[in-house]
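The next block holds one structure in the form of structure tokens; read it before the comments.
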Ligand code: DGI
Ligand code: FE
Ligand code: FE
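Numbering (our numbering), first residue to last: 103 to 296.
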């Protein structure tokens, strides 16, 4: 990659290192390099994939109450229903905050961050890459199907997305947590294409 890109990425890495606790920072580095490798395999922009990887959990340094407050203030277009699933708020809020805090305006990067937790129907390849990298990055452990999904992501990206959505839905149902509309829509879209 160009010197300029390397310097930008280094800037984002340092910014996220300062912002998140160490384990979450390690996760972000894992997502960045996994997304970069998937971008090589699936022929999309590697620098954008790594940028999104470093920054995708930018809003996660805030507690959920604060996330809700900022979402209500800055993202009034979010459906009221989303507030029943507070763990998904950091994704749309992160897309907003990296724009505000780091002047990231590239819509391709912003939309991958926006949908990294729930997914959405008809994701672009960069969106599927971040969604999948978040699940399979090397620091993750104890998640269902990890070893197989790590291989599958490099063989059939959409199949990996479908499986991750299925596993997430099953997990949420088992634990009795509300399922956000966007998660369900994404799951239904990808199941119907199997
Ligand atoms: O931020 P990370 O921990 O790296 O990963 P993530 O952004 O995928 O967030 C994962 C959490 O979000 C996990 O606890 C499951 C939860 N989640 C994903 N979709 C939904 C959801 N929680 C609810 N309540 N509803 C959803 O639809
Ligand atoms: Fe996240
Ligand atoms: Fe994450």
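Virtual Cβ for every residue (Gly too), placed ideally from N, Cα, C.
By the beta-carbon neighbour count (other beta carbons within 10 angstroms, threshold 16), residue 249 is exposed. The region 174-185 makes no contact with the region 151-158, as fewer than three CB pairs between them are under 8 angstroms. Counting of Cβ neighbours within 10 angstroms places residue 273 among the exposed residues, the total staying below 16. Here DSSP, grouped into helix, strand and coil, assigns residue 247 to coil.
The C-beta separation of residue 261 from residue 254 comes to about 6 angstroms, placing the pair in contact by the 8 angstroms criterion.
For residue 182, the secondary structure class from DSSP, reduced to helix, strand or coil, is helix. In the three-state reduction of the DSSP assignment, residue 217 falls in the coil class. Bounds of the alpha helix (DSSP H) holding residue 268 are 259-276.
Under the Cβ criterion (8 angstroms, minimum of three pairs), the region 162-170 does not count as touching the region 270-290. By the criterion of at least three beta-carbon pairs nearer than 8 angstroms, the region 227-246 is in contact with the region 116-136.
In the structure shown, the three-state DSSP call for residue 191 is coil. In the DSSP assignment, residue 284 falls within the alpha helix (DSSP H) that extends over 283-294. At a cut-off of 6 angstroms, the beta-carbon of residue 203 does not count as near ligand 3: no heavy atom of the ligand is closer than that. Taken through DSSP and simplified to helix, strand or coil, residue 226 comes out as coil. Distances from the alpha-carbon of residue 193 to those of 181, 220 and 131 put 220 closest.
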